[in-house]
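Since the structure comes first, as structure tokens, the remarks are kept for the end.
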Amino acid sequence: GAGVSQSPSNKVTEKGKDVELRCDPISGHTALYWYRQSLGQGLEFLIYFQGNSAPDKSGLPSDRFSAERTGESVSTLTIQRTQQEDSAVYLCASSPGQGMRIGDYGYTFGSGTRLTVV
Amino acid sequence: GESVGLHLPTLSVQEGDNSIINCAYSNSASDYFIWYKQESGKGPQFIIDIRSNMDKRQGQRVTVLLNKTVKHLSLQIAATQPGDSAVYFCAENPHSYDKVIFGPGTSLSVIP
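For the protein sequence lines, the chains are A and X, in the order given. Per the numbering used here: the first sequence = residues 639 to 756. Per the numbering used here: the second sequence = residues 7 to 118.
Encoded structure:
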């Protein structure tokens, strides 16, 4: 597609349930990122995939969070045993690859998945 | 830890006036900086970027200024319009690596 696509756009789940969020990056983009944004807050880095390299998981807040990426395509972010503090917008972004330069336009973000844990 | 922060969390500007959004960064090794605009219900959208070997870069109605001496970044929007109302994030990219660090954001409101 032309942009980064995320699904679902909204998800309401009960505390304790597992959820999966999906991200389809721009075709050809080797780098993919997940961020979390709480209401009225900035962007919190979660995880970064670059090609076939080991992902940078340094931002994952707990072992309940995990993410996978198949090659250079779709990624899924899984949250196990959801808690109310997990409620946030989860944003995915992709970029052409390593080493940003002027004109690379940084990341392209999707519209996010709004997760509400009740 | 390293962070990028904003001096003004909220800003209200009269339509037609110029807006200035400020940002402080802490990593002196960062060599690439980006401004993003986030409208309600959408993901952040790239506005303009600048490398550390520049002190000014202009786009359409926007200018980014970089002062490496005091580690300060600003975004200037000329003739602010109602469509400019959004949250603006600055971000730094340390060591030309892909992962960027985002600031907390400034909410810009344009008064008609």
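Ideal placement from N, C-alpha and C gives every residue a C-beta, glycine not left out.
For glycine 65 (chain X), the nearest beta carbon of chain A is not closer than 8 Å to its own beta carbon. With respect to the 8 Å criterion, threonine 112 (chain X) and threonine 16 (chain X) are classified as neighbours on the basis of their beta carbons. With fewer than three CB-CB distances shorter than 8 Å, the region 668-675 of chain A does not count as touching the region 21-38 of chain X. Close partners of serine 749 (chain A) in chain X (Cβ separation under 9 Å): Gly47, Lys48, Gly49.
Separation of phenylalanine 95 (chain X) and alanine 30 (chain X) (C-alpha to C-alpha, rounded to the nearest whole angstrom) is 11 Å.
8 Å or more divides the Cβ of alanine 726 (chain A) from the Cβ of phenylalanine 747 (chain A). Counting of Cβ neighbours within 10 angstroms places lysine 43 (chain X) among the buried residues, the total reaching 16 or more. Annotation: arginine 702 (chain A) is outside any beta strand (DSSP E) and is labelled neither H nor E by DSSP. Looking at A:Gln679, A:Asp694, A:Ala692, the one whose alpha-carbon comes closest to that of phenylalanine 108 (chain X) is A:Gln679. Separation of glycine 689 (chain A) and serine 18 (chain X) (C-alpha to C-alpha, rounded to the nearest whole angstrom) is 42 Å.
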